[in-house]
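This report refers to the structure that appears directly beneath it.
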Amino acid sequence: MSFRDLRNFTEMMRALGYPRLISMENFRTPNFPLVAEILIWLVKRYEPQTDIPTDVDTEQDRVFFTKAVAQFMATKAHIKLNTKKLYQADGYAVKELLKVTTVLYNAMKTKRMDTNNDVEEEGSKFKFDLGSKISDLKTARQLASEITSKGATVFDLLGKEVDLREMRTAAIARPLEINETEKALRAGIKEVLEQVQKTKDMLNNVASDEANLEAKIEKKKLELERSKKRLQTLQSVRPAFMDEYEKIEEDLQKQYESYVEKFRNLCYLEQQLEDLHRMEQERFEETENTLRLMQNKLKEEEKRLMKSSVKEDDSDMEMQEDEGSDSDMEDRRPLKPRLTRELPIHGRVGGRVVGTMHGGDTEDEDESENSEDDDEEEEYEIVDDDESIDIQPDQSSARIHKQELLDESDNDF
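Converting from the sequence shown to this note's numbering requires adding 803 to each position, the first position being numbered 1.
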């Protein structure tokens, strides 16, 4: 196989109108189905009415198919194909296929050239209708094939003529004897009689065989009738265990219905339980969210209260500073008559603050009053110390008490 042959084959098949695309790689390995398909298409293209076996499944079918195609091409197209190479179905088969393809391709080219010449010849008005002569063409091809086969047979017989001539001349030259002829005729008659006797015996045997077969048929019919009667009796008789079977079957049906009902209820209860769990989960999540929000609010409230308490402590410190400044101003002012007032002092039992409304003109009285004022200031200092001791556990009550003292001191003035 050469690359040129393979290329020419593929191009010719494409030009002839083969419906399948043939690649150059299809024949690298044996591919008998493709070769068989191409051969069938070429044979149909050459002779559409031909009958070629298309079975290539077994080895015997492939051999028969290859021989049939080779014989057809030899008788119809006078193309000699190598069946061995065709059976190989590889690159060597392409050379054999190329022989048929070349003939068809040249015929197609010639037809195109003739068509072009007919188109160019405007003056020719003669038209040959080939469609009406298809049946005659088919008959002519059949006769041609028969002539070829008969000629081959005659050629073989003529090849044997040399030996047959001597035998024929010897038989003609031999004298004819009546005794031998009679013997031969008697032998032939005897053989014919024997054959007739054998035929009669076979006919007699056929009659006896027919009688035997009829007897067997009658016997089988009787057996069939007995079997039918027995079947009817068996069907009519009710088995002993049938009642128990029906009862068990009814119980089984009831049990199945109860099972189905319980299973349905179980599925419903499981669904309800799942819904309940889901609702509890949602409620729990909502409660957690609410508690989280409340915690956040409480934290914010605590922060706000802490800020307000810090501000109140700052205001108390300012008020104490203001009280200290007021006491300094009182020391600097001239003495005024005072009211006698008793104030409860935390931390001391019976503690009092004593004042008077009477004034004095002498220096001794002023000194006594100054001494009294000093004593009162000491007492107030003691009271303040006690209050500071008592305020530590309860600051809110101390603040209220201080506020009352400040209000009373303002009322004094």
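Quick reminder that beta carbons are idealized off the backbone N, C-alpha and C, glycines included. Small disclaimer: the values here were computed from a predicted structure and weren't measured.
Taking C-beta atoms under 8 Å as the contact rule, Ile-855 and Val-872 qualify, at a distance of about 6 Å. Judged by beta-carbon spacing, Met-816 lies within the 8 Å limit of Thr-904, meaning their Cβ atoms are closer than that value.
Using a C-beta cut-off of 8 Å, the region 823–843 makes contact with the region 892–912, since at least three inter-stretch Cβ pairs fall below that distance. The C-alpha of His-881 lies about 49 Å from the C-alpha of Val-995.
Assignment of Glu-814 by DSSP, reduced to helix, strand and coil, places it in the helix class. A distance below 8 Å separates the beta carbons of Val-897 and Phe-812. Each of Thr-878, Lys-914, Asn-982 was checked against the Cα of Leu-819, and the nearest Cα belongs to Lys-914.
By the C-beta density criterion, Leu-842 is buried, having at least 16 other C-beta atoms within 10 angstroms. When rounded, the separation of the alpha-carbon atoms in Glu-1028 and Lys-1003 is 38 Å. Pairing Met-1045 with Arg-1033, the inter-Cα distance amounts to about 20 Å. Pairing Tyr-1048 with Lys-1065, the inter-Cα distance amounts to about 25 Å.
Annotation: the continuous alpha helix (DSSP H) that includes Pro-836 extends over 835–849. Taking Lys-888 as the centre and dropping the five residues before and after it, the same chain places the C-beta of Tyr-895, Ala-896, Glu-899 closer than 6 Å to its C-beta, in chain order. Note that the C-beta distance between Leu-907 and Arg-848 is below 8 Å.
Counted as a single uninterrupted DSSP element, the alpha helix (DSSP H) harbouring Thr-984 occupies residues 981–1039. Under the DSSP assignment, Ser-938 falls in the alpha helix (DSSP H) whose first and last residues are 937–962. Under a 10 Å Cβ-count criterion, Val-999 is classified as exposed, with fewer than 16 other Cβ atoms of the shown protein chains found around its own Cβ.
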